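So the sequence shown is numbered by the numbering used here: it starts at 10 and just counts up by one.
To start, the structure itself, in structure tokens.
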Amino acid sequence: MLDIAIIGGGPAGLSAGLYATRGGAKEVVMFERGMPGGQITGSSEIENYPGVAQVLSGVDFMQPWQEQCFRFGLKSDQKNIQRISKEDSHFVIHTDNNETYKAKSVIVATGGTPRRSGVKGEDKFYGRGISTCATCDGFFYKGQEVGVLGGGDTALEEALFLSEICKKVTVLHRRNEFRAAPVTIAKAQAKDNIIFKTPVIIDEVLGDNNGVTGVQFTNKDTKQQETLEISGLFIFVGYDVNNQILLQEDGNFLCAMSEFGEAIVDLNMKTNVNGLFVAGDMRIHAAKQVVCAAGDGARAALSALAFLEHSK
């Protein structure tokens, strides 16, 4: 039986593995569908991780994590986990090829996935002018003109963030009404360099070998088509947490979840199920930053070690 099973191999999962094994746990396995690294490996540039002065690609940034995190005995198993269940005092890890593993405790760090808009040119320029994280990539557009696609809280909050860095921020939304909180809408509308284009549909993201150069969009009411020259487009049309493995055969989740499908945890990453911990973007109030995910993973591992000690 495993001491700790870690599901997910991004910054939260790797950090959990490092702290768990270095903290003395002997049987620790990290399950990941592919090579460890997580969603951040898709980023073109990372420059805001404390202590790392170089600007690195996501792949280069995560490379030394693997070496360090496996140094103390963490094992990696590239299997796709379908479900986690609990039987008596232990957990059962179910793979997609009907294998099962037993574990005394589990740390879930499966993260989430920003929704794609489906706009023409999105895949082509993703990471080359299209981003889903203003905090991560906004600085690269300092003094430039950018666009924000979306109408919820995240879209307008990120537009406000970008307005402090960029020359002009154009918010493109398919409706005249916004789903964001009234106070957030009011703050965005009060900013001189935030421009609103509604109700519009983006027809295509335009660009060249250097990246995004603009977007072509159509006003839904007038049917008039326009072209907006921008250097970057930030897309915020939703975020899906990868919570499928917590879904049980009866349709309920293994632990308490928020209305948005995020695991409810305390400051120690504990769920309401003894021995089950959730770290990173899968938990409530996640900041969706690498440094925060790493901290979550370390905290979850320390909590799992304490759980194992008290269970003896």
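In this text, a Cβ means the ideal position worked out from N, Cα and C, and glycines have one as well.
All of these numbers come straight from a predicted model, not from anything done at the bench.
Under 7 Å between C-beta atoms of residue i and residue j
{"i": "isoleucine 49", "j": "valine 287", "result": "no"}
{"i": "isoleucine 116", "j": "alanine 309", "result": "yes"}
{"i": "serine 172", "j": "valine 180", "result": "no"}
{"i": "phenylalanine 100", "j": "threonine 30", "result": "no"}
{"i": "isoleucine 211", "j": "phenylalanine 226", "result": "yes"}
{"i": "alanine 199", "j": "alanine 112", "result": "no"}
{"i": "glycine 120", "j": "glycine 247", "result": "no"}
{"i": "leucine 317", "j": "aspartate 12", "result": "yes"}
{"i": "isoleucine 293", "j": "glutamate 258", "result": "no"}
Residue i burial status per 10 Å Cβ neighbour count (16 or more: buried)
{"i": "proline 45", "result": "buried"}
{"i": "valine 64", "result": "exposed"}
{"i": "proline 59", "result": "exposed"}
{"i": "isoleucine 254", "result": "buried"}
{"i": "aspartate 146", "result": "buried"}
{"i": "glycine 17", "result": "buried"}
{"i": "serine 114", "result": "buried"}
{"i": "methionine 291", "result": "buried"}
{"i": "alanine 295", "result": "buried"}
{"i": "glutamate 167", "result": "buried"}
{"i": "phenylalanine 269", "result": "exposed"}
{"i": "alanine 265", "result": "exposed"}
{"i": "aspartate 73", "result": "Note that residue 73 is proline in the sequence shown here, rather than aspartate. Flag for proline 73 reads exposed."}
{"i": "proline 191", "result": "exposed"}
{"i": "asparagine 219", "result": "exposed"}
{"i": "asparagine 251", "result": "buried"}
{"i": "serine 320", "result": "exposed"}
{"i": "glutamate 108", "result": "exposed"}
{"i": "alanine 195", "result": "exposed"}
{"i": "glycine 3", "result": "No statement about residue 3 is possible, as the shown extent of the chain runs from 10 to 321 and does not include it."}
{"i": "serine 267", "result": "exposed"}
{"i": "glycine 156", "result": "buried"}
{"i": "glycine 47", "result": "buried"}
Beta bridge counterpart(s) of residue i as assigned by DSSP
{"i": "serine 85", "result": "Met39"}
{"i": "threonine 236", "result": "Gln225"}
{"i": "leucine 11", "result": "Ala112"}
{"i": "glutamate 96", "result": "His99"}
{"i": "arginine 292", "result": "Ala272"}
{"i": "aspartate 249", "result": "Thr122"}
{"i": "glutamate 213", "result": "Lys129, Gln225"}
{"i": "isoleucine 139", "result": "Tyr135, Leu242"}
{"i": "glutamate 54", "result": "None; glutamate 54 has no bridge partner."}
{"i": "threonine 104", "result": "Ile90"}
{"i": "glutamate 154", "result": "Lys177"}
{"i": "methionine 266", "result": "Ala272"}
{"i": "isoleucine 203", "result": "Val178"}
{"i": "lysine 279", "result": "Phe286"}
{"i": "glycine 220", "result": "Asp217"}
Same chain, Cβ closer than 6 Å to residue i, five either side skipped, listed in chain order
{"i": "leucine 165", "result": "Ala189, Thr193, Ala197"}
{"i": "aspartate 86", "result": "Val38, Phe40"}
{"i": "phenylalanine 205", "result": "Val180"}
{"i": "glutamine 234", "result": "Thr227"}
{"i": "arginine 42", "result": "Asn89"}
{"i": "alanine 21", "result": "Ala118, Ala288, Gly289, Ala302, Asp305, Gly306"}
{"i": "isoleucine 203", "result": "Ala168, Ser172, Val178, Ala197"}
{"i": "arginine 137", "result": "Gly220"}
Beta-carbon proximity list for residue i, same chain, < 8 Å, skipping 5 on both sides
{"i": "glycine 33", "result": "Leu314"}
{"i": "valine 61", "result": "Ile55, Phe70"}
{"i": "histidine 182", "result": "Leu158, Gly159, Gly160, Ala164, Phe205, Lys206, Thr207, Pro208, Val209"}
{"i": "glutamate 238", "result": "Glu154, Thr222, Gly223"}
{"i": "lysine 229", "result": "Arg183, Pro208, Val209, Ile210"}
{"i": "aspartate 105", "result": "Lys88, Asn89, Ile90, Gln91"}
{"i": "aspartate 9", "result": "Residue coverage of the chain in this structure runs from 10 to 321, which leaves residue 9 outside it and unanswerable."}
{"i": "phenylalanine 170", "result": "Ala143, Thr144, Gly147"}
{"i": "leucine 215", "result": "Gly130, Val221, Thr222, Gly223, Val224, Gln225, Thr236"}
Residues near residue i in its chain [Cβ-Cβ closer than 7 Å; skip 5 each side]
{"i": "serine 140", "result": "Asp146, Gly241, Phe243"}
{"i": "glycine 26", "result": "Ile15, Val37, Met39, Cys78, Leu83"}
{"i": "aspartate 249", "result": "Gly121, Thr122, Arg124"}
Beta carbon proximity, residue i to chain E, threshold 7 Å
{"i": "glycine 67", "result": "In the structure shown, chain E does not exist; there is a single protein chain."}
Cβ contact check for the region 274-292 and the region 305-321: 3 or more pairs under 8 Å
Contact between the region 274-292 and the region 305-321 is present: three or more C-beta pairs spanning the two stretches fall below 8 Å.
Do the region 239-246 and the region 144-152 touch if we need at least three Cβ pairs shorter than 8 Å?
Three or more Cβ pairs drawn from the region 239-246 and the region 144-152 lie within less than 8 Å of each other, which places the two stretches in contact.
State whether the region 87-97 contacts the region 125-139, with contact taken as three or more CB pairs (one from each stretch) at a distance under 8 Å.
Cβ pair count under 8 Å is below three, so no.
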